[in-house]
Amino acid sequence: MRATEAPSNVVISSAQNLATSVSTTTGFLGTRIQAALGGNQHTGVSRAGRGYMLSGLAAGDSFDNLGMWASYARTEFENDFFRTEYDGDTDTFFVGVDYTPKDHMVLGLAIGYEDTDLDTDFNLGQADADGFTIAPYFGMTLDETWNFDISGGYSSIDTDQYRTSAGTRITSDVNTRRWFLAANFNGFTSIDRWNLSGRTGVMAAYATDEKFSESDGSTYAERDSDISQFNIGGEAAYAFDEFEPFVGATYNYDMTKTEVVFATGKQPSSDDSDFLLSFGFRYFAESGLTMSAQYDTRQGREDYDEDSYSITARWDF
Numbered sequence: 080m081r082a083t084e085a086p087s088n089v090v091i092s093s094a095q096n097l098a099t100s101v102s103t104t105t106g107f108l109g110t111r112i113q114a115a116l117g118g119n120q121h122t123g124v125s126r127a128g129r130g131y132m133l134s135g136l137a138a139g140d141s142f143d144n145l146g147m148w149a150s151y152a153r154t155e156f157e158n159d160f161f162r163t164e165y166d167g168d169t170d171t172f173f174v175g176v177d178y179t180p181k182d183h184m185v186l187g188l189a190i191g192y193e194d195t196d197l198d199t200d201f202n203l204g205q206a207d208a209d210g211f212t213i214a215p216y217f218g219m220t221l222d223e224t225w226n227f228d229i230s231g232g233y234s235s236i237d238t239d240q241y242r243t244s245a246g247t248r249i250t251s252d253v254n255t256r257r258w259f260l261a262a263n264f265n266g267f268t269s270i271d272r273w274n275l276s277g278r279t280g281v282m283a284a285y286a287t288d289e290k291f292s293e294s295d296g297s298t299y300a301e302r303d304s305d306i307s308q309f310n311i312g313g314e315a316a317y318a319f320d321e322f323e324p325f326v327g328a329t330y331n332y333d334m335t336k337t338e339v340v341f342a343t344g345k346q347p348s349s350d351d352s353d354f355l356l357s358f359g360f361r362y363f364a365e366s367g368l369t370m371s372a373q374y375d376t377r378q379g380r381e382d383y384d385e386d387s388y389s390i391t392a393r394w395d396f
């Protein structure tokens, strides 16, 4: 594909941005699943010794049936390769509700909204994209140390965009359908007030830009983009009664992905891996409210930088 001959949707639905959008969503879902399951692991460990405890429950206590949560993230990203140069930001909001049919299971549904503002310097353009996501999720503990989770979903995204050619602004509107699926195997252990966790999993996402026309009469056929990743990571947290600061790192490896390729000339980098570094803290109130704040930075992709800030609040009834 010759990105210089296409409008800005070439980068807004690129494999990297697809992975960024989906990983934000699956990150929210995974955090909620682990929080809901955490109280049934590590029998005999109090909440002060295990930050994942909710609402002051000791391990082994029964869970109430319903929980609600809300999350917000702002992701800022930039690509500085001159033939696909762009920068922008995405605001993502999610609300969810889940049910615990048994103490060792959680089943939930989340609804999200995202809004992306993108300056596509490579074609003197801009793209504004927004849309909604619906995502069911499930998690189950296997014993006091191990659990697994799975989530998936569908997004409908609408993009208003323009590019500039010979001093003329050329506009278009693109509808995008997106699907994703993620599964993880998780382990936990506690040493005094240290809470250590590890995770390995896979994520797959697929997006289709529907056929569209531009204001100058140009037409573009339906275009697909996909990515699948393997990830492995861990986290170390220290419990100070109601507060729990933490640091984490995740290695992501692209097993498959759609790449932007030019017919001639210098090509954009096609790095297959990166590291996501995380820093944050959690707060546990006696009322059943749990809050967390987190900063993430993605490292290891040539010509690409990404930083994200997120907050999450949970209520368990």
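The opening residue of the sequence shown carries number 80 in the numbering used here; numbering runs sequentially from there.
Every residue gets a Cβ at the ideal spot worked out from N, C-alpha and C, and that includes glycine.
Everything numeric in this text was worked out from a predicted model, so none of it was measured.
Option in the options with minimal Cα separation from residue i
{"i": "Val-176", "options": "Glu-385, Ala-115 and Thr-195", "result": "Ala-115"}
{"i": "Gly-280", "options": "Ser-230, Thr-376 and Asp-209", "result": "Ser-230"}
{"i": "Glu-323", "options": "Leu-275, Asp-295 and Pro-347", "result": "Leu-275"}
{"i": "Asn-202", "options": "Ile-249, Gly-296, Ala-316 and Arg-153", "result": "Ile-249"}
{"i": "Glu-381", "options": "Leu-97, Ile-112, Thr-104 and Glu-157", "result": "Glu-157"}
{"i": "Trp-148", "options": "Thr-171, Leu-108 and Ala-262", "result": "Leu-108"}
{"i": "Glu-164", "options": "Ser-294, Glu-293, Val-89 and Ala-262", "result": "Val-89"}
{"i": "Gly-155", "options": "Thr-179, Thr-195, Thr-255 and Phe-319", "result": "At residue 155 the sequence reads Glu, which differs from the Gly that was named. Comparing Cα-Cα distances from Glu-155 to each of Thr-179, Thr-195, Thr-255 and Phe-319, the minimum goes to Thr-195."}
{"i": "Thr-171", "options": "Thr-391, Asp-395 and Tyr-330", "result": "Thr-391"}
Residues sharing a beta bridge with residue i, DSSP
{"i": "Met-282", "result": "Ala-261 and Gln-308"}
{"i": "Pro-324", "result": "Phe-360"}
{"i": "Gly-296", "result": "The partner list for Gly-296 (beta bridge, DSSP) is empty, contrary to what the question assumes."}
{"i": "Pro-347", "result": "Answer by DSSP bridge pairing: none, since Pro-347 is not bridged."}
{"i": "Leu-221", "result": "Leu-221 is not bridged to any residue."}
{"i": "Glu-289", "result": "Paired residues: none, contrary to the question."}
Euclidean distance between Cα positions of residue i and residue j
{"i": "Ile-190", "j": "Thr-287", "result": "20 Å"}
{"i": "Ala-65", "j": "Val-253", "result": "Any property of residue 65 remains undetermined from this structure, which presents the chain solely from 80 to 396."}
{"i": "Ser-87", "j": "Leu-221", "result": "46 Å"}
{"i": "Ser-387", "j": "Ser-93", "result": "18 Å"}
{"i": "Ser-349", "j": "Asp-239", "result": "27 Å"}
{"i": "Ala-82", "j": "Leu-197", "result": "Note that Ala-82 scores a pLDDT of 45, beneath 50, so its modelled location is shaky; the value from the coordinates is reported in the next line. Their Cα atoms are separated by approximately 16 Å."}
{"i": "Gln-346", "j": "Ser-307", "result": "22 Å"}
{"i": "Asp-375", "j": "Arg-257", "result": "24 Å"}
{"i": "Phe-173", "j": "Tyr-151", "result": "7 Å"}
{"i": "Lys-181", "j": "Leu-355", "result": "33 Å"}
{"i": "Asp-351", "j": "Met-334", "result": "8 Å"}
{"i": "Tyr-266", "j": "Arg-302", "result": "According to the sequence as given, residue 266 is Gly; it is not Tyr. Going from the Cα of Gly-266 to the Cα of Arg-302 covers about 39 Å."}
{"i": "Gly-123", "j": "Asp-159", "result": "Because Gly-123 carries a pLDDT of 33, less than 50, the predicted location of this residue cannot be relied on, and the following value inherits that uncertainty. Roughly 52 Å separates the two Cα atoms."}
{"i": "Asn-226", "j": "Tyr-285", "result": "27 Å"}
Residue i in three-state terms, based on DSSP
{"i": "Thr-110", "result": "helix"}
{"i": "Ser-102", "result": "helix"}
{"i": "Val-89", "result": "helix"}
{"i": "Leu-116", "result": "helix"}
{"i": "Phe-201", "result": "helix"}
{"i": "Phe-94", "result": "Residue identity differs from the one stated: residue 94 is Ala in this sequence, not Phe. Reduced to three states, the DSSP call for Ala-94 is helix."}
{"i": "Glu-314", "result": "strand"}
{"i": "Gly-379", "result": "coil"}
Where the beta strand (DSSP E) containing residue i begins and where it ends
{"i": "Leu-356", "result": "352 to 363"}
{"i": "Val-174", "result": "165 to 178"}
{"i": "Asn-226", "result": "225 to 244"}
{"i": "Gly-146", "result": "145 to 158"}
Cβ of residue i within 8 Å of any chain D Cβ
{"i": "Tyr-241", "result": "Annotation note: the requested chain D is absent from the structure, which comprises a single protein chain."}
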